[in-house]
Every structure is written in structure tokens, then in C-alpha cells.
Amino acid sequence: MNNMYASLRRFFLLDPDVTFLNHGSFGATPHPVFEKYQEWQRLLEKEPVEFLGRRASEFLAQARQSIAPELGCKPDDFTFVTNATTGMNVVIHSLPLTSDDEVLTTNHEYGAVDKTWQFYSRQKGFKIVRARFSLPIDSQEKWLEELWRHVTPKTRVISLSHITSPTALIFPVEKVTERAKQEGILTIIDGAHAPGQIPLNLEKLDPDFYTGNFHKWVCAPKGAGFLYVRSEYHSMIQPLVVSWGYDNPSSQRSTFLDYTEWWGTRDISAFLSVPEAYHFLKVHHWDEVRQQCHQLLKDTCKELQTYLGAEPVATDPDIWNAQMLSLKIPNLHPKDIPEVSRKLWETYRIEVPLIEWEGSSLIRISLQAYNRWEDIKKLENALQNLLSSSSMQGE
Ligand SMILES: Cc1ncc(COP(=O)(O)O)c(C=O)c1O
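For the record, in the sequence shown the residue sitting at position 176 is 176 according to UniProt numbering, with numbers rising by one throughout.
Set out below in C-alpha cells:
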């Protein structure tokens with residue numbers, strides 16, 4: 001890890017005075033990718049009409065062509081969106097759900113996605129059913145069984161994270177898509193954390209809808225995400241923003257691309273930089289980087305279990321985690337999270353999320369190429385100091 005650290009840390013633009021253990025929230029971009037991004041922005045500014053008016057569609061098509069093998073799908077089966085939140089909104093907005101229907105999801109989903117479901121549930125009257133898994137999560141089979149206990153004849157959609165936000169778990173979504181298909185249930189997978197962190201082959205995984213971010217673990221600039229839609233559902237997608245692509249009878253493309261590509265004037269440079277981000281990962285042997293980060297993650301888990309009494313939310317990091325891990329901190333009361341978070345940042349300059357989840361306090365640690373064991377020791381020492389102060393003891 002230290003050799004890798006020495007060679008890769010220098011590419012990242014992160015503040016060297018900060019112990020950065022939160023790649024998961026917004027990612028971080030290495031400078032060669034950032035420079036490519038700025039190159040696209042300069043080209044845009046040199047001749048905005050040529051760039052946006054005449055060539056944007058061609059540039060985007062080239063980028064989709066280049067990225068498609070990374071996602072394991074056809075270039076016309078996905079579109080760029082600014083982020084996974086937008087991808088989920090496009091899909092949820094488009095679904096013809098009624099008050100007779102149920103949407104099955106879990107208690108591990110991202111808050112903004114939960115809110116999107118709530119918004120449309122209030123408009124259309126469908127019911128949201130939430131599976132809760134008892135902790136620690138152990139076998140994938142039991143997980144699937146627990147999820148399926150909530151499937152009823154009214155279940156139209158299963159909506160799941162591929163890697164969960166508060167709990168950092170890789171959900172075995174491949175087991176869900178297969179079974180859902182047999183039972184005629186649509187699957188929507190929120191892969192905000194998946195591309196770049198775990199292998200992805202959308203045609204093999206075969207969800208009906210899948211959204212993801214490039215700006216997190218592919219290390220692309222902020223505002224680069226995608227939405228994949230299985231070809232038979234392209235015509236189901238409705239425009240979230242109505243623009244020139246609507247009602248366009250001369251178009252040679254699917255309405256899916258027409259309704260999602262042009263949303264008025266916007267900077268598409270982040271989308272166009274994604275091929276460079278994948279190139280960066282390839283050139284720097286990211287398979288090896290991922291493995292080393294995963295090993296560091298396992299060492300971190302043991303260390304924090306031993307010295308802080310922290311409890312991982314799942315039993316086996318080789319099954320449930322890649323480069324992110326959440327642990328319960330039993331001696332941190334959720335009401336003290338804001339104070340401990342503030343001190344971690346202000347006193348120790350450590351960037352790591354503490355999360356209240358289901359009445360427990362979790363810490364979510366993300367490891368990327370620029371992290372090393374020393375970062376973990378700093379975190380451990382800081383938490384030991386902060387948690388030993390009597391006001392922070394749990395009840
Ligand atoms: C599981 C999950 N879904 C969706 C999102 C939203 O990502 P974005 O803010 O890029 O839309 C996140 C963000 O961390 C997430 O963890």
C-alpha cells in the first residue's frame with residue numbers, strides 16, 4: 001500500500017493537510033482527468049455555438065461509445081445524467097404506477113432517493129414497502145429470503161442500491177434481477193457507488209433500469225452520471241425536463257435519448273471527460289489499487305473492532321464490501337454525532353462521515369488510492385480521544 005500510495009497520491013488535488021476518508025460522498029479527481037475536463041471547457045468557450053449548437057450530440061455519442069464497454073451495455077442504452085439522484089428521478093417520474101401498486105425497497109437506501117419515492121407515492125398513491133434486515137447481515141441467501149418475504153401480488157417494482165450509502169454494503173442485486181424477471185417485477189438499481197468500485201456488466205446483471213455516478217469511484221469530474229434503460233423500456237421514459245428532443249418525428253433515435261440529452265444550455269464537459277477517467281484507472285492498474293484498498297479496509301475493520309469496540313454491519317467484508325465500510329460505534333450516542341463530527345473536522349482535520357442510522361451511530365470509511373495505514377491510525381487516535389470524554393458515552 002505504501003508504494004502505491006507514494007506513486008498515486010501525487011495525482012490527486014486533495015488538500016495534503018486533510019486526512020480524507022470520504023471518497024464516497026463526492027469522489028476526488030486526479031489532475032490529468034481534471035485537466036482534460038478543463039480542456040473541454042476551454043473548447044466550449046472558444047466557440048460555444050459550434051460546441052453546443054452543432055457538435056454536442058456527436059461529442060456525447062463518441063463518449064457513450066467509449067464508455068459502453070466499461071458498463072457492459074450498448075452505447076444507445078444509456079444516457080448521461082448529472083448524478084444518480086437525477087437518474088432515479090427520471091425513472092421514478094416515468095413509471096406508470098397507481099394506487100393498486102407496491103414498490104419494494106429497503107431501510108438501507110439513500111435519503112434523497114427515499115424522498116423521491118415518497119414524493120411520487122403522494123402524487124400517484126402507490127405504497128412503499130420497506131424490507132428491514134437484522135444486523136449483522138451474514139449470508140446473501142438469508143438477505144434475499146428476507147427481501148422476498150415482502151414481495152406481494154401487488155409488487156410492481158423493486159428499488160435497491162447496488163452499494164448502500166449509510167451501511168456501505170454491496171447488495172447481491174444479481175440474485176434479485178433474475179428472480180424479479182421471472183415474477184414480472186421491474187428492477188431499478190441505484191448504482192451511485194458501483195462503477196469504478198466493483199465490476200459492472202449491465203447486460204449480464206440485466207436490471208430494467210440502472211443509474212450510477214462516474215464522479216465517485218471512476219474519479220471523473222463532479223456532475224457525471226448515467227442512466228441505463230433496458231431497450232424494451234426506452235419508450236417508457238418520459239422527459240423530466242421538456243426540451244427540443246420532445247415531439248421530434250424526424251429523429252432517428254429512441255425517445256429515451258431524445259428526451260434526456262438536451263436539457264437546455266448546460267456544461268457537458270464532465271460527461272465528456274469520463275473516457276479520460278477510465279483511461280487513468282487503466283493506466284494506473286486500478287484492479288491492483290482496488291485490491292490493496294480492500295485489504296486496507298479489512299485491516300481497518302479489525303483495528304477498529306479491537307481498539308474501539310466498533311461493530312461491522314455485515315459479517316464478511318470479502319462478500320459485502322469493496323472500498324467502503326460502515327461500522328457501528330456502540331459508545332457514541334447518536335445525539336453526540338454533530339459534536340464529534342465537528343471536532344473530527346475542526347481539531348483533527350479528518351474528513352469522515354458519522355451517520356445516524358436506525359437509532360445507531362455509524363462511521364463510514366472510504367478507501368481510495370491516496371489512503372494509507374497512517375490515515376487509519378490518525379482516525380483511531382482521534383476517536384479514542386473524543387469517545388473517552390465522558391459527555392460522549394452512550395446510554
Ligand atoms: C446509494 C446512493 N444513491 C444516490 C446517491 C446520490 O448521488 P448524487 O448526489 O451524485 O446524485 C448517493 C450519494 O452518495 C448514494 O450513496
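Just so you know, even glycine gets a beta-carbon here, dropped at the ideal spot from N, CA and C.
Predicted model, so just to flag it, every value in this text is computed and none were measured.
Among the bridge pairs identified by DSSP, T300 is matched with none.
With distances taken between CA atoms, R54 lies nearest to W262 out of E339, I355 and W262.
G225 is bridged by DSSP to V81 and N213. Non-local beta-carbon contacts of L367 in its own chain, meaning distances under 6 Å to residues more than five positions away in sequence, involve C293, L296, L297 and Q323 in chain order. Beyond the five residues adjoining it in sequence on each side, F51 comes within less than 7 Å, by CB distance, of L43 and L44 in the same chain, given in chain order. Looking from the CA of E35, the closest CA among E232, C219, T105 and P153 belongs to C219. Collapsing the DSSP output to three states places T116 in a helix. Residue state for K154 is assigned as coil, using DSSP reduced to three classes.
With 16 or more other Cβ atoms from the protein chains shown falling within 10 Å of its own Cβ, G212 counts as buried. With contact defined as three or more Cβ pairs closer than 8 Å, the region 276-291 and the region 335-350 are not in contact. Distance from the CA atom of E203 to the CA atom of W373, rounded to whole angstroms, is 37 Å. The alpha-carbon of T155 is positioned some 43 Å away from that of H285. DSSP places D190 in the strand class (E or B) of the three-state scheme. Listed in chain order, the non-local C-beta contacts of E356 below 8 Å within the same chain comprise P334, I337 and L362, local neighbours out to five positions each way being set aside.
In the three-state reduction of the DSSP assignment, K328 falls in the strand class. Ordered along the chain, residues surrounding ligand 1 are N83, A84, T85, Y110, S161, S165, D190, A192 and N213 [Cβ under 5 Å from any heavy atom].
A check of alpha carbon separations from R230 across T177, R364 and Q41 identifies T177 as the nearest. Per DSSP, the unbroken alpha helix (DSSP H) holding E146 starts and ends at Q140 to W148.
The continuous beta strand (DSSP E) containing E356 extends over residues L354 to W357.
Note that the C-beta distance between D76 and L240 is not below 8 Å. For K127, the uninterrupted beta strand (DSSP E) run begins and ends at K127 to A131, by DSSP. Unbroken alpha helix (DSSP H) stretches of 4 residues or longer found wholly inside the region 27-102: 31-46, 56-71 and 84-94, given in chain order. A direct Cα-to-Cα measurement between T306 and L327 gives close to 12 Å. Taking a cut-off of 8 Å on C-beta distances, the region 157-168 touches the region 98-112, as three or more cross pairs fall below it. In the structure shown, F20 falls within a strand segment according to DSSP collapsed to helix, strand and coil. Here the alpha carbons of L135 and E311 stand approximately 10 Å from one another. Between the alpha carbons of Q252 and Q238 lies a gap of roughly 18 Å.
Measuring C-alpha to C-alpha distances from Q118 to each of E145, N89 and E146 identifies N89 as the nearest. Between the alpha carbons of C73 and F209 lies a distance of about 12 Å. Straight-line spacing of the CA atoms in G191 and F226 works out to 10 Å. According to the DSSP assignment, I365 belongs to no alpha helix (DSSP H) but to the beta strand (DSSP E) extending over S360 to S366. Where T260 is concerned, the enclosing alpha helix (DSSP H) starts and stops at T255 to E261. Remark: C-beta atoms of E351 and E303 do not approach each other more closely than 8 Å.
In the three-state reduction of the DSSP assignment, E351 falls in the strand class, which pools E and B.
In this structure, the CA atom of D114 is about 18 Å from the CA atom of P96.
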